[in-house]
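Asker: In full-length UniProt numbering, the protein residues as written are 1 to 237. Where a beta carbon is used, it is the ideal one built from N, C-alpha and C, also for glycine. My questions will all concern the structure given below.
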C-alpha cells in the first residue's frame, strides 16, 4: 500500500472516529502504553502506539534517562510524548511546532499525561530568523508556502541553542520539505554539538540532505525510503 493511500485511509478513519464521537483513548501498545491520546488528532496508528515503528525502535535504543531531545516539527506530539517517557524527569524534551492547532493539541497531550519535562516552542526553524508563511490547510500538516494562510515566527536552531543554553543529544526533524533550511540554520549544532538525528526527507531533497550531512561528517543509516538516522562518524553506528 502506498504512503498516499495509507494517509487517505488514516484520515478516513479519523473522520469516522470524529463522527462517532471517539475522543480521548489510552494507547494500548508499545512505549506509550497507558498514555492518553486524542483519537481524532492524528492517524490511528498513533492512538494504538504503533506509529512509524522503524523510527520508534531506533529511538528506543538510544533515548536514555537524562537525555535532551529536540522534536522539530512536533505536530500533535507523538514523538514528544515518546521521548518524554524515555528520558524521564532528569531529561528534557523541546518541542517545536509552528501551527497553532497542532500546538494546542500538543499541549493537551503533554498536559493530560503530566509531561513535566517538555518545553513547547511555537516557532518554525529555518535558515534565518524572521516571519514566514505556512500552508496549514492539510489535516495536521503544514508546509512552507509564500501563499500560505498562517504567518509564524521563525528562528534558527543555532540561535535557539545559544539563547536557551539547551543543547540536544538527539533530535528528530520532520518539517514537510523544509529540512534543508533547518540544517542550514544548524551549522554550530552540527559541527560542535554533534547530536544524533532522525531526519524525514522529501524525495527531491534527499541528495541535498545527504551531501550536507556528509560535509559535517555524519554517517547515514536509511531507516526507510523517507527516513534517515544520522550519527557523527566519530561515534560509529
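Counting only beta-carbon separations shorter than 8 Å, does residue 161 have a partner in chain D?
Answerer: Of the protein chains in this structure there is only one, and it is not chain D.
Asker: Find out if the Cβ-Cβ distance for the pair residue 91, residue 56 is shorter than 8 Å.
Answerer: Along the chain shown, read from residue 1 onward, the residue named residue 91 stands at position 91. Along the chain shown, read from residue 1 onward, the residue named residue 56 stands at position 56. Not a contact, by the Cβ cut-off of 8 Å.
Asker: What separation, rounded to the nearest whole angstrom, lies between the Cα atoms of residue 111 and residue 210?
Answerer: To locate residue 111, count along the chain shown from 1; it is residue 111. To locate residue 210, count along the chain shown from 1; it is residue 210. Cα to Cα, residue 111 sits roughly 37 Å from residue 210.
Asker: Can you grab the Cα-Cα spacing for the pair residue 216 / residue 87, in whole Å?
Answerer: Here residue 216 is taken as the residue at index 216 of the chain shown, counted from 1. Here residue 87 is taken as the residue at index 87 of the chain shown, counted from 1. Taking the straight line from one Cα to the other gives about 27 Å.
Asker: Is the beta carbon of residue 100 sitting closer than 8 Å to the one on residue 123?
Answerer: What you label residue 100 is simply residue 100 of the chain shown in a count that begins at 1. What you label residue 123 is simply residue 123 of the chain shown in a count that begins at 1. Against a cut-off of 8 Å, the Cβ pair of residue 123 and residue 100 comes out as no contact.
Asker: Compute the Euclidean distance between the alpha carbons of residue 202 and residue 64, then round it to the nearest angstrom.
Answerer: Start at 1 with the first residue of the chain shown, and residue 202 comes out as number 202. Start at 1 with the first residue of the chain shown, and residue 64 comes out as number 64. Their Cα atoms are separated by approximately 29 Å.
Asker: Given that a residue counts as buried once 16 or more other Cβ atoms are within 10 Å of its Cβ, and exposed if not, what is residue 181?
Answerer: Within the chain shown, the letter at position 181 stands for residue 181. Residue 181 comes out buried.
Asker: Where residue 13 and residue 54 are concerned, what is the direct C-alpha to C-alpha distance, given to the nearest angstrom?
Answerer: As a working note, residue 13 is residue 13 in the chain shown. As a working note, residue 54 is residue 54 in the chain shown. In this predicted model, residue 13 has a pLDDT of only 49, less than 50, meaning its place in the structure is not dependable enough to derive any value.
Asker: In this structure, what does DSSP give as the bridge partners for residue 171?
Answerer: The sequence position of residue 171 within the chain shown is 171, counting from 1. Bridge partners of residue 171: 70 and 197.
Asker: If you run the structure through DSSP and keep just helix, strand and coil, what is residue 60?
Answerer: As a first step, residue 60 is located in the chain shown; it is residue number 60 there, counting from the start. Of the three classes helix, strand and coil, the one that applies to residue 60 here is helix, per DSSP.
Asker: Run through the DSSP bridge pairs and tell me what residue 130 is partnered with.
Answerer: As a position in the chain shown, residue 130 is number 130, starting the count at 1. According to DSSP, residue 130 bridges with 154.
Asker: I need the boundaries of the alpha helix (DSSP H) containing residue 38, first residue and last residue.
Answerer: For the purposes of this step, residue 38 is taken as the residue at position 38 of the chain shown. No alpha helix (DSSP H) contains residue 38, which is instead part of the beta strand (DSSP E) from 36-38.
Asker: May I ask you to report which of helix, strand or coil DSSP gives residue 219?
Answerer: Along the chain shown, one-based indexing puts residue 219 at 219. Note: residue 219 maps to strand in three-state DSSP.
Asker: Which value, in whole angstroms, describes the spacing of the CA atoms of residue 193 and residue 62?
Answerer: For the purposes of this step, residue 193 is taken as the residue at position 193 of the chain shown. For the purposes of this step, residue 62 is taken as the residue at position 62 of the chain shown. Using only the alpha carbons, I get a separation of about 17 Å.
Asker: According to the neighbour-count rule (16 or more other Cβ atoms, all chains shown, within 10 Å of its Cβ), is residue 196 buried or exposed?
Answerer: Along the chain shown, one-based indexing puts residue 196 at 196. Buried: at least 16 other Cβ atoms inside 10 Å.
Asker: So the candidates are 151, 125 and 119; which of them puts its Cα closest to the Cα of residue 133?
Answerer: Translated into positions along the chain shown, residue 133 becomes position 133. When each option's Cα is compared against that of residue 133, the closest is 151.
Asker: Could you check if residue 75 is buried or exposed, using at least 16 other CB atoms within 10 Å of its CB as the buried criterion?
Answerer: The sequence position of residue 75 within the chain shown is 75, counting from 1. Label assigned to residue 75: buried.
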